[in-house]
Amino acid sequence: MGLRVFNTLGMRKEEFVPLRDGEVRIYVCGPTVYDFIHIGNARAFIFADIVRRYLEYRGFNVILVSNITDVDDKIIRRSQETGLSMQRISEIYSDAYFEDLDALNVRRPNVSPRATQHISEMIEVIQNLIEKGFAYQVDGDVYFDVLKFEDYGKLSGNKLEALEMGARIEVNPKKRNPADFALWKSRKEGEPAWYSPWGWGRPGWHIECSTMAMKYLGETFDIHMGGKDLIFPHHENEIAQAESLTGKPFARYWLHNEWLTVGGQKMSKSLGNIITVRDALKIYSPQVLRFFLISAHYRSPLDFNKESIEQAKINLEKIFNAIERLLSLKERSERGEDEEFLLAQVREAKKRFEEAMDDDFNTPLAIAAIFDMVRAVNTYVNRNGEIEAATKSEVYETIRVLLEDVLGIKIEVGKREKTRSDIINSLVELILEVRQEMRRRKEWEISDKIRERLQMLGFIIEDTPQGTKWRLKET
RNA sequence: GCCGGGGUGGCCGAGUGGUUAGGCGGCGGGCUGCAGACCCGCCGAGAUGGGUUCAAAUCCCAUCCCCGGCUCCA
15 MGLRVFNTLG
25 MRKEEFVPLR
35 DGEVRIYVCG
45 PTVYDFIHIG
55 NARAFIFADI
65 VRRYLEYRGF
75 NVILVSNITD
85 VDDKIIRRSQ
95 ETGLSMQRIS
105 EIYSDAYFED
115 LDALNVRRPN
125 VSPRATQHIS
135 EMIEVIQNLI
145 EKGFAYQVDG
155 DVYFDVLKFE
165 DYGKLSGNKL
175 EALEMGARIE
185 VNPKKRNPAD
195 FALWKSRKEG
205 EPAWYSPWGW
215 GRPGWHIECS
225 TMAMKYLGET
235 FDIHMGGKDL
245 IFPHHENEIA
255 QAESLTGKPF
265 ARYWLHNEWL
275 TVGGQKMSKS
285 LGNIITVRDA
295 LKIYSPQVLR
305 FFLISAHYRS
315 PLDFNKESIE
325 QAKINLEKIF
335 NAIERLLSLK
345 ERSERGEDEE
355 FLLAQVREAK
365 KRFEEAMDDD
375 FNTPLAIAAI
385 FDMVRAVNTY
395 VNRNGEIEAA
405 TKSEVYETIR
415 VLLEDVLGIK
425 IEVGKREKTR
435 SDIINSLVEL
445 ILEVRQEMRR
455 RKEWEISDKI
465 RERLQMLGFI
475 IEDTPQGTKW
485 RLKET
């Protein structure tokens, strides 16, 4: 069984077959760089990152393109509010965007095209659309004529008549149909503008994605992704523009992630409940945040709240603990029955992980498979103090690849045991050495008191058959 | 008004017509000098009302509730 994905276009799970053998081309709608990205954006980018990583794990060569919208109403407004130039605003926030992606261990796209650097290509596309009769010019504006594109609505399921009835937009008298959308907007006072056959102006939002996606990925490519809010009108319009231009299908699979809510509600400026990635990272580690964001299926809503993230933290801790225990085992050269059993269980769980990911990227189920490995490892460690070297490395590598390479969660062990100060590290070691001597003399009361006091100071002390271990309490 | 998603055990969260999701939590047991970590067992469920079926959380109908798209939005 190969990979199956839920295609918004058609609203059903389909077998995934890339257009070219061994290669997958993906386009992800990137940010409008007028502010820091928030954790809802992060959910979308992390999901795209995991799709990319899993496809690579499956042996595909993946090309991922994600745009940066650097000309837009919101940037213009921000520029007017702050007095900074539009270029400066988009520079600040696109830098911040990349920093946030890096912090979350989201791999950077292969190409991150900027709208302002593709104005001439967009003009060319618009001109072509006018020539083909899909677009019309009114004063300095150019609009796409939705009636000319038969399939309009095929992605979102919206019908034109219904759109007109429900239209809450004030009707623009220049448009032939209320659902027509701007390809080119004529210049307004104080706005940036480029010269075009229709006079000075700037491109509409939707045209940039169609144009840049086709430029870097070809007229037809494999996967187009984004949050579900983009289905309409953005992606619907992208399809209209691209397909009426080329007469070919635009993207073959459309994947849309559900919302990340905060307190059960969608994040919005008006509710004031937006949590930026930077703020979230002040409280939680990237690993915990990532683990939390993939603990629900991407097409299920997920609520960002303290309790749920605390649970994610504990769960992840459990995985790291098992890895730490595995790594602390002494190596030997003989392989016994317990090793065979451990390997069998880990291989079996790996298969379940792959099956889960093959089924429309079911990350919660994939995580359950990792917990199967965790239990197998822990059971082994409970019964053995040593492990055959090859078994150890196969088990570790299996977990490492799935956790780090596929899910993008860096394994954090070992370094948790150290503080940032060598002096403190040595002091703790010294105290534990003394305590060990007390324990040898069965001075339980004083030993327990030392452990208790250290705990109050934020050190976790654990006596194990392999000796006493310590680490800092997770923040 | 039109379109879509959902309601699962104390909590998070999957599968999907019959056989264990998983994790957290609680309880009991094991291992420990004790604690922790870990292992084992148990606890507990599918909004409501009907229907189909030998069998439904899973299919059908109705009802209630929640969320979203139709406007910038991941």
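For the working numbering, count along the first sequence from 1 and bump the result up by 14. The beta carbon of each residue, even a glycine, is placed where N, CA and C say it ideally should be. Note that the structure is a prediction, hence the values are computed from the model and not measured.
Less than 8 Å separates the beta-carbon of residue 412 from that of residue 360.
Under the three-state reduction of DSSP, residue 118 is assigned to coil, being neither helix nor strand. Of 163, 331, 306, the smallest CA-CA separation from residue 320 is found for 306. As the crow flies, the alpha-carbon of residue 304 is around 27 Å from that of residue 483.
Counting only the Cα atoms, residue 32 lies some 43 Å from residue 395. Counting along the chain, residue 484 sits inside no alpha helix (DSSP H); it lies in the beta strand (DSSP E) bounded by residues 481 to 486. Contact between the stretch 155 to 164 and the stretch 110 to 130 is absent: fewer than 3 CB-CB pairs across the two stretches fall below 8 Å. Contact between the stretch 77 to 84 and the stretch 38 to 58 is present, with at least three C-beta pairs closer than 8 Å. In this structure, 298 is the residue among 298, 376, 26, 255 with its C-alpha nearest to the C-alpha of residue 318.
Under DSSP, residue 235 forms a beta bridge with 265.
Its chain contains 53, 303 as the residues whose beta carbon lies nearer than 7 Å to that of residue 294, once the 5 sequence neighbours on both sides are disregarded; these appear in chain order.
When 374, 398, 364 are compared, the shortest CA-CA separation from residue 382 is found for 364. Around residue 267, the same chain offers 19, 21, 23, 28, 30, 236, 237, 238 as residues with beta carbons nearer than 8 Å, after the five sequence neighbours per side are excluded.
For residue 204, the closest of 291, 197, 215 by C-alpha to C-alpha distance is 215. The beta carbon of residue 425 sits closer than 7 Å to the beta carbons of 334, 337, 414, 417, 418 from its chain, once the five residues preceding and following it are set aside; these are given in chain order. Fewer than three beta-carbon pairs drawn from the stretch 126 to 135 and the stretch 67 to 74 are found closer than 8 Å, and the two stretches are therefore not classed as touching. Note on residue 108: 16 or more other CB atoms within 10 angstroms of its CB, so buried under the neighbour-count rule. In the DSSP annotation of this structure, residue 198 is not part of any alpha helix (DSSP H); the continuous beta strand (DSSP E) holding it starts and ends at 195 to 200. If only complete runs of 4 or more residues are kept, the stretch 344 to 396 shows the alpha helix (DSSP H) at 351 to 372, in order along the chain. Excluding five sequence positions before and after residue 311, the CB atoms of its chain that fall closer than 7 Å to its own CB belong to 376, 377, 378, given in chain order. Apart from sequence neighbours up to five positions away, the residues of its chain that approach residue 169 with a beta-carbon distance below 7 Å are 22, 23, 245, 249, 250, 253, 268, ordered along the chain.
Between the C-alpha atoms of residue 133 and residue 218 there is a straight-line separation of about 11 Å. Nearest C-alpha to residue 408 among 345, 193, 57: 345. Going by beta carbons, residue 257 and residue 194 fall outside the 8 Å limit. The residues 280, 315, in chain order, have a CB closer than 6 Å to that of residue 273 in the same chain once the five nearest residues on each side in sequence are set aside. Here the alpha carbon of residue 212 sits roughly 31 Å from the alpha carbon of residue 106.
Taken through DSSP and simplified to helix, strand or coil, residue 87 comes out as helix. 51 is the residue among 25, 51, 435, 35 whose C-alpha sits nearest the C-alpha of residue 292. Straight through space, the alpha carbons of residue 154 and residue 202 are spaced by roughly 10 Å. Across the structure, residue 66 and residue 231 are spaced so that their CA atoms are roughly 15 Å apart. Membership of residue 478 in any alpha helix (DSSP H) is not indicated; the residue belongs instead to the beta strand (DSSP E) covering 473 to 478. Take residue 391, set aside five residues on each side of it, and the residues of its chain with a beta-carbon closer than 6 Å to its own are 336, 340, in chain order. Counting of Cβ neighbours within 10 angstroms places residue 255 among the buried residues, the total reaching 16 or more. Taken atom to atom, the span from the alpha-carbon of residue 167 to that of residue 102 is near 37 Å. Closest in C-alpha terms to residue 89, from the list 100, 399, 120, comes 100. Here residue 225 is buried, its C-beta having at least 16 other C-beta atoms within 10 Å.
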